[in-house]
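Asks:
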Amino acid sequence: MGRGLHRPAGRWDAQGWPQGAAGKGVMRSMTVFESIARLGPHEQVVFAHDPPRRLRMIIAVHDTTLGPALGGCRMWPYRTEEEALEDVLRLSRAMTYKNSIHGLRLGGGKSVIIGDPRTDKTSDLFEAAGEAVERLQGRYITAEDVGTNAQDMVMMRNATAYVAGLPQTSGDPSPFTALGVFRGIQACAQALWGSSDLDGRRVAIQGVGSVGFHLARHLVQAGARVTVTDIRPEKILRAVEQLGVDSVEPDAIFDVPCDVFSPCALGGAINDDTIPRIKAPIIAGAANNQLAEPRHGDILQQRGVIYAPDYVINGGGVINVAEELTPEGYSAERARAKVERIFDRVLEVIELSRRRNIPTYRAADEIAWQRVQDARAALKAHSRR
Ligand code: NAD
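Rendered as C-alpha cells:
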C-alpha cells in the first residue's frame, strides 16, 4: 500500500511482506485490512490511481444487500492515505444505515478523492473519477458531498451513468433536508409533550446556512419562537431580516433557554463542554456526526434528553436524490411525501429506545441493521428455492 499507511515497525519488508518467523510462509494482513476489519467488513474497496490525471481515489462499497450502494464523493486534502481510507470506510458504513432506515432500496457506499477542492479540481480529474465509478458497473452510485458540487457531478457524468443529484433532476437537497428535520422535531415534540404542535415553542438553531435557514422558515410558519446563530454575520442578517427571528453570538447559542436545540452547523456540537449548557429537553438538527463520541448519546439518555439521531432526521436529502433512481423517475412531489415520513421514523426510534431503555442512536442502528439482516435472510431463502 501507499507510504501514508502505517505499518508496525520491523514486521514488514520494503515490499510489504511479513518478516521473521511469524511471517514465514504466511501472508499476514496489512494495516489496510486491519482498518477495514476495525471499521466493519466491506464488500469491496477500490483504489483508483491515475497519475496523468492526478487522481487518487478510494471507493468503498459497504453493503449492497438492499440495492446498489449510494453515497457521495468527498474531495478533501487528507494528510495521509490512512486518513482517507478511514474516512471513506466510516462514511460508507454510515450510508448503509442511513439508506436502510429510510426504507430505500439502496445499499451503502462512499468515495473520497485525495486533493484540495480549492486548487486541484480539473475536468480530467473528474473524468478519471467517473471512469473509476463506471468500472463498478452500477454497484456504486455517486453524488456530491463535502468538497464536490453539482458541477463536478456533471463532469463525472461524462464518464459514467452512475451519478445522482444532478442539477437538472433532484437539484439542491437542502430544502428537503430541512423539511425532514422539521418533521423530526415535530416527532420529538409528539413523543415528549403528546402533541406535535410547535406553536409557542422555543427553538435555538446553530448554523443558518442552506439547511438551517429553510428549517427556521418552517419553524416560524409553525408559530415557534426561533433564535439563530452563525459564524458568518451575513447568514444571521438574512434570517433576522427575512424571517424575523432573534439572534445571539455563536458561542451563546448553547445557553439559550429553549425547548429544542437544533445543531445545523458542523459535527461534534454535542460534547462534554456543551451538554451541561444545553437546557433543551430535545436535541434535533441537521448536522452530521452531532455526537462528539457515542458516549455523549448515552449521557443524553441518562439526562432524559430526547436526541434525534442525525442520520435519521437529516435523511431528507438522500431520500430526494434516491427518487431519481426509482423506476418511475424523479418527482419532487413523491420525494416530499417520502421525506414527510421522517416523522414516523423518528417516533419509531424514540419508542424503541424507551421500550428497551437504550440510547436513541443505538435504537436507530438496531432498526437500520435489522432491515439489512431481514433482506439477507429473504435473499437466502429465495436462492434455496
Ligand atoms: P452550510 O455550509 O450551508 O451551513 C452551515 C452553516 O453553519 C454555515 O452558514 C456556517 O457559517 C455555519 N457554522 C459553521 N460553524 C459554526 C459554528 N461553530 N457556529 C455557528 N455556525 C456555524 O451547510 P448545510 O448544507 O446547511 O448543512 C448543515 C449541516 O447539515 C452539515 O453538518 C451537513 O453535513 C448536514 N447535512 C446537510 C444536508 C444538506 O442537504 N445540505 C444533508 C444532510 C446533512
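Sequential numbering from 1 applies to the sequence shown in full-length UniProt numbering. Even for Gly, the Cβ is constructed at its ideal location relative to N, Cα and C.
#1: Consult DSSP for V321 and reduce its assignment to one of helix, strand or coil.
#2: Could you spell out where the beta strand (DSSP E) holding D50 opens and where it closes?
#3: Which same chain residues end up closer than 8 Å to P263 when comparing Cβ atoms and leaving out the 5 residues on each side of it in sequence?
#4: Report whether the distance from the Cβ of Q206 to the nearest heavy atom of the ligand FMN is below 7 Å.
#5: Tell me the residue span of the beta strand (DSSP E) that contains H62.
#6: For L199, count the other beta carbons within 10 Å of its own beta carbon; 16 or more makes it buried, fewer makes it exposed. Which is it?
#7: At the level of alpha carbons, what is the spacing between I101 and M153?
#8: Would a C-beta distance cut-off of 8 Å place T148 and M75 closer than the cut-off?
#9: Measuring alpha carbon to alpha carbon, tell me which residue in G171, S174, P68 is nearest E134.
#10: Note down, one range per segment and in chain order, each beta strand (DSSP E) of at least 3 residues found wholly within the region 89-159.
#11: So the alpha helix (DSSP H) V372 belongs to, where does it begin and stop?
#12: Please tell me whether I367 and I342 are closer than 8 Å, where the distance is taken between their beta carbons.
#13: Name the two residues that bound the continuous beta strand (DSSP E) containing P263.
#14: For Y307, which residues does DSSP report across the bridge?
#15: Tell me which residue opens and which closes the alpha helix (DSSP H) that V248 is part of.
#16: Please report the distance separating the alpha-carbon of M57 from that of H49.
#17: Following the continuous beta strand (DSSP E) through V208, name the residue where it begins and the one where it ends.
#18: Compare the Cα-Cα distances from P276 to each of D259, R303, A292, A265 and report the closest residue.
#19: If you draw a straight line from the alpha carbon of R385 to that of H62, how long is it in whole angstroms?
#20: Go ahead and label G130 buried or exposed: buried means 16 or more other beta carbons lie within 10 angstroms of its beta carbon, across all protein chains shown.
#21: Where does I231 land, buried or exposed, given buried means 16+ other C-beta within 10 angstroms?
#22: What does the alpha-carbon distance come out to for the pair E324 and G165?
Replies: In short, the structure shows the following:
#1: Shown here, V321 sits in a helix according to DSSP, grouped into three states.
#2: It spans 44-50 - the beta strand (DSSP E) in which D50 sits, taken as one unbroken run.
#3: Same-chain partners within the cutoff: Q206, G207, A269, I270, I283, G285, A286, A287, Q290.
#4: Ligands displayed in this structure: the ligand NAD; the ligand FMN is not among them.
#5: Taken as a continuous stretch (DSSP letters only), the beta strand (DSSP E) holding H62 covers 55-63.
#6: For clarity, residue 199 is Asp in the given sequence; the question names Leu instead. So D199 ends up on the exposed side.
#7: Taking the straight line joining both Cα atoms gives about 26 Å.
#8: Against a cut-off of 8 Å, the Cβ pair of M75 and T148 comes out as a contact.
#9: Comparing alpha carbon positions, the residue from G171, S174, P68 closest to E134 is P68.
#10: Listed in chain order, the complete beta strand (DSSP E) runs (minimum 3 residues) inside the region 89-159 are 107-114.
#11: Where V372 is concerned, the enclosing alpha helix (DSSP H) stretches over 360-384.
#12: No.
#13: 260-263 is the span of the beta strand (DSSP E), which, as asked, contains P263.
#14: Under DSSP, Y307 forms a beta bridge with I283.
#15: Premise fails: V248 is in no alpha helix (DSSP H) and is neither H nor E.
#16: Going from the Cα of M57 to the Cα of H49 covers about 6 Å.
#17: For V208, no beta strand (DSSP E) encloses it, and the DSSP letter there is neither H nor E.
#18: The closest CA to that of P276, considering only D259, R303, A292, A265, is found on R303.
#19: In a straight line, the C-alpha of R385 is about 27 Å away from that of H62.
#20: Label assigned to G130: buried.
#21: Exposed.
#22: Take the alpha-carbon of E324 and the one of G165: they are about 8 Å apart.
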